[in-house]
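Undergrad: Just passing along the structure, written as structure tokens.
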Amino acid sequence: MTGAALALVMIMGGAANAATVTPPSEAFAQNPGSDYFLADYTAYEAYLKTLASQSDRMKLVDFGKSEEGRTQWMAVVSSPANLAKLDHYKSISKRLAKAEGLSKEEAARLAAEGKAIVWIDAGLHATETVTSQGQIQVLYRMLSQDDPETLRMLDDVIILFAHDNPDGMELVSDWYMRHDDPKKREFHSIPRLYQKYVGHDNNRDSYMSQMAETTNVNKQLFREWFPQIIFNQHQTGPTGMVVFVPPFRDPFNYNYDPLVMTSLQEVGMAMHSRLVAEDKPGSGARSAASYSTWHNGMERSIAYFHNSIGLLTEIIGGPTPETVKLVPNLQLPNGDRPMPIAPQTWHLSQTVEYQWTMNRAVIDYASRNRERLLSNIYKMGANSIERGSRDSWTVTPTKIDLLNEAAKDAKPAGEDEMMASFFGRAGAVDPSLYSVLRTPESRDPRGFIIPSDQADMPTVTAFVNALIKTGVDVERATKPFKVGAKTYPAGSYVVKAAQAYRPHVLDMFEPQDHPHDTEYPGGPPKAPYDVTGYTLAYQMGIKFDRILDGFEAPTERVPDLVSVQPGSVKGSGKAGWLISHETNKSFTLTNRLLKAGQPVFWLKDGAKAGKESFGPGAIWVPASAEAQSVIAQGVKDLGIDAYAVGAKPAGEATALKPIRVGLVDVYGGSMPSGWNRWLFEQFEAPFEVVYPQRLDAGDLGKDYDVLVFADGVIPAPQGGPFRAGRSFPQPKVDDIPAEFRPWLGAITDDKTLPQVADFAKNGGTVITIGSSSRLATVIGAPVDVAVAKKDGDKLVGLSTKEFYIPGSVLRAKVDNRQPLAYGLPQDIDVFFDRSPTFNLKASATGVAKVSWFDTDAPLRSGWAVGQEKLKGSTGVLDIDVGKGKLFVMGPEVTQRAQSYGTFKFLFNGMLYGPAVAKP
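Note that the sequence shown covers residues 258 to 1176 in my numbering.
So, in structure tokens, the structure goes:
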């Protein structure tokens, strides 16, 4: 966003006090926080503008537009004197956070002068309504109270009260308030996701930053304000309690600075202490819930990789009163649950008071520790720069396994085993074995180089922009250079480890090595909080080199987001154009050509244009004036090249057809389907959303050529070999507006899937991703589930002690001579989250293996129990079904729109199936 777009509403009133600032009870139809009422975003936005016009403690900042076009507002709250010097304090915060070229002495001076900056947001998950309603009351109190504590806080701290999801607040609040009868009000039956595309997954987008709202937030956090504390508020709280407050349970991600975790524990315990001191029971930490600090994708967790203290609270409450349940074991206090709460009816107003206490606790901590917070963020940034400038080692679980293996039967020299145990030194080994953790080849990289001559540079651009959006410093080579024995072309990207956000850099390039975390020694795996392996460079198929030694290169700092470098038309032939299949953007160009009515072909054996070779699936476009116009514009926009040749290439060619895609969704919205919807829009695929009622009606070929079932859209029973998703009750037809009634219904084995099978048999293409690949077994495809066992007559999944891969990156083989895999390399990284794989039956015909696992250890990043069981099984299959096709994609090939490296499976399937359908 340009500086002009970051508009400041700076209508300044007199001194902020109760007499001049309008209270919420007078600004809204009902006081926010009262029973059976939710203020929507329109009213919230109007109130923010009212406050900005009345208070000299607040400036209102427009920090971007949501996916539906609403303004995201941030209320900057502090003393009038601080607000008058905001740019100055922002500059201090940035210099300390980035730590670049800053001496300890200068940092100390800046820390003494600066103000602590605290981000407190609301509304990320819109059905977690208490956060937005509570923020209204917190803002009012911070602007109107004149007690000494409030004034001290305002003098010491700049608070950024921001809203993460305007669209969701509007949807959920209006849906709740649609009934005149308060007792009928609810929001569990909202018809679609509460963020335009991804719903709850808006809090899994932080390192990728695909959604507009995430990009806007990340810019404020890591490129504009650099807050030392990032407080992300959620609900709901643990059963029998009121609120979860940090600290978190392990595992601890080894990439970030330990100081961020010790500081996190300080702030968390300050919050617990203030709740207890104010006689507000029912808070819990660590073992009270499953939240951990491992995964980088959430708003509060990405903070750790940027040296900020990330806070998450999960609290009960809502506009409809609820009950605090009695859980016997929770009535006994312990270190994680210091003050149990009695069972009772609970009102939203109580939740608002708890939020007020926790907000105050965080701001008070920042006030009392202002200089230390500023010094610490500098210290962590300087640590990162120093570690990235020399040989350094990160200790990972695998390295500890190697150390333990080397130390078998070893004892501490000269110490009796019983005495060692008595003094808590049991398990100590020969100190010389420390060298196992510090071998030359296991050093951390000094940096990463991304060559500019790889096949899919538009995807490289997307990866680089994901880094830049999260504040990473990226450099670009101004001319060719050499590191070691390898020469890199001009335009190659260099990401040095010697920067403040080194933890984030390592987490995006290096594999996650998740510990073997069990419920008890020898017990089953403990479920992680979200995924365990997500290395973005792997998921996106980026080619890069890890550089272990110090190096220099002729580079310049990339100042902002990178635009795709325009491609060009090369050559002067008049017969047509050859285009590589290796770039994802070739799918966009193909869609444009087909939309324009132009013929497009895939060449089975590839082709050549002068010295340029094109692999299987090379795209051939015969010459025409219209095609020339589309290609001339397309290569410029998309960053791909087209080669004009003088003769039609020889060999077998598959003619593509315009396609009609049905993207299957369900009432309430599927997040994987929503991610695919966003993806289809980005790559200009023609599609419409289709719901179960339409599938059940049959005659699907009349409207669609392709049906796409995202992960989880086809339900699976509990206990089976396919990961079962969560199902939610649907509203009664008469309880919702008529426009949403066609969305109701469920995908069923007995009614829906036979219609889908008939569609394929009559020439349609069906694509299933993840657990929706259960369709293959339901319609009798000649395959068996590979990792499963029989329990009587039932096929069931293995126990988690036998097989458990909860969201990891695996290496798979690909037959890229198959049309479904055109443009892919022979070895790829796939995202695998308890995904199905298959074996072909001995009698199978009309089935092609496209991608499979060929090793005992395919794990690349994350955690995998029993991974050897995948060897020989197939993840991606091309199956003939009558006149049509079923393309089975067991791994999540479009996982949260991050896995660019496997998008082609889906893209190819959408075009290839209709092209070869039998008449």
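For glycine and all other residues, C-beta sits at the position ideal for the given N, C-alpha and C. Since the model is a prediction, treat every value here as computed from it, not as a measurement.
1. Among T1131, T1022, P281, V923, which residue has its Cα nearest to the Cα of A1043?
2. Pop quiz: K1018 and G1139 are said to be a contact at Cβ under 8 Å. What is the actual Cβ separation, rounded to whole angstroms?
3. Does the distance from the CB of S624 to the CB of M410 come in under 7 Å?
4. I need the straight-line Cα distance from D730 to V815, nearest angstrom please.
5. Between L308 and L396, which are expected to be in contact by the criterion C-beta below 8 Å, what is the C-beta distance as a whole number of angstroms?
6. Name the one or two DSSP bridge partners that R594 has.
7. Could you tell me the alpha carbon to alpha carbon distance between G522 and G575, rounded to whole angstroms?
8. Output needed for S927: all residues of its chain with C-beta closer than 7 Å, excluding positions within five of it in sequence on either side, in chain order.
9. Could you pull out every unbroken beta strand (DSSP E) segment of at least 3 residues lying fully inside the region 312-369, listed in chain order?
10. In whole angstroms, give me the CA-to-CA distance for E941 and G908.
11. Rounding to the nearest angstrom, what Cα-Cα distance links V333 and F320 in this structure?
12. If I follow the unbroken beta strand (DSSP E) through R733, where does it start and stop?
13. Just checking, does the region 285-294 make contact with the region 384-396 on the three C-beta pairs under 8 Å criterion?
14. Out of F766, V788, L381, which has the shortest C-alpha to C-alpha gap to F488?
15. In whole angstroms, what is the alpha-carbon distance linking Q796 and G497?
16. Let me know if R461 comes out buried or exposed under the rule of 16 or more other beta-carbons within 10 Å of its beta-carbon.
17. Exposed or buried, S323, counting other C-beta atoms within 10 Å across all chains shown (16 or more means buried)?
18. Please go through the region 717-779 and give each complete alpha helix (DSSP H) segment of 4 or more residues, from N-terminal end onward.
19. Enumerate, from N- to C-terminal direction, the unbroken alpha helix (DSSP H) stretches of 4 or more residues contained entirely within the region 996-1060.
20. Check N1165 in the structure and name its three-state DSSP category.
21. According to DSSP, M1146 sits in a beta bridge with which residue or residues?
22. Taking the C-alpha atoms as reference points, what is the distance between K656 and V1023?
23. Just to confirm my understanding: we take S1029, look at its own chain, exclude 5 residues before and 5 after, and list those with CB closer than 7 Å. What are they?
24. Looking only at DSSP bridge pairs, what is G919 linked to?
25. Identify every run of the beta strand (DSSP E) within the region 811-897, keeping only runs that are complete inside it and at least 3 residues long; order them along the chain.
26. Quick one: what's got a C-beta closer than 6 Å to L1001's C-beta in the same chain, skipping five residues either side?
27. Would you kindly work out how many angstroms separate the C-alpha atoms of G828 and Y900, rounded to a whole number?
28. Under DSSP, the alpha helix (DSSP H) around A899 begins and ends at which residues?
29. So, helix, strand or coil for E571, using DSSP?
30. Is it a yes or a no for the region 336-352 touching the region 439-459, going by three-plus beta-carbon pairs under 8 Å?
31. Would you mind stating whether T716 and N841 have Cβ atoms separated by less than 7 Å?
32. So within the region 432-517, which uninterrupted beta strand (DSSP E) runs reach at least 3 residues, ignoring any that extend past its ends?
33. If you follow the alpha helix (DSSP H) that L1116 is in, where does it begin and where does it stop?
34. Classify L583: buried if its beta carbon has 16 or more other beta carbons within 10 angstroms, exposed otherwise.
35. Taking the continuous alpha helix (DSSP H) assigned at L587, which residues delimit it?
36. Leaving out the 5 sequence neighbours to the left and right, which residues in its chain are closer than 6 Å to K1058 when beta-carbon positions are compared?
TA: The structure says:
1. Nearest C-alpha to A1043: T1131.
2. 3 Å
3. yes
4. 7 Å
5. 6 Å
6. Per DSSP, none; premise fails for R594.
7. For clarity, residue 522 is Gln in the given sequence; the question names Gly instead. Their Cα atoms are separated by approximately 28 Å.
8. A967, G969, V970
9. Those beta strand (DSSP E) runs which fall completely within the region 312-369 and span 3+ residues are 315-322, 328-334.
10. So the two alpha carbons sit approximately 29 Å from each other.
11. 11 Å
12. 732-734
13. The region 285-294 makes contact with the region 384-396: 3 or more CB pairs, one atom from each, lie closer than 8 Å.
14. Closest by C-alpha distance to F488, out of F766, V788, L381, is L381.
15. 40 Å
16. Buried.
17. buried
18. Entirely contained in the region 717-779, the alpha helix (DSSP H) runs reaching 4 residues are, in chain order, 759-766.
19. 1009-1018, 1032-1035
20. Here DSSP, grouped into helix, strand and coil, assigns N1165 to helix.
21. I1026, V1133
22. 44 Å
23. So the qualifying residues of the chain are F966, A967, D968, G969, V970, I971.
24. E945, L964
25. Runs found: 812-814, 833-836, 858-860, 864-866, 869-871, 875-879.
26. Y924, Q987
27. 6 Å
28. Element bounds for A899: not the alpha helix (DSSP H) but the beta strand (DSSP E), 899-902.
29. strand
30. The count of Cβ pairs closer than 8 Å, one atom from the region 336-352 and one from the region 439-459, stays below three, leaving the stretches out of contact.
31. yes
32. Whole beta strand (DSSP E) segments, 3+ residues: 486-491.
33. The continuous stretches of alpha helix (DSSP H) do not include L1116, which lies in the beta strand (DSSP E) extending over residues 1116-1118.
34. exposed
35. Taken as a continuous stretch (DSSP letters only), L587 belongs to no alpha helix (DSSP H), as it is neither H nor E.
36. P781
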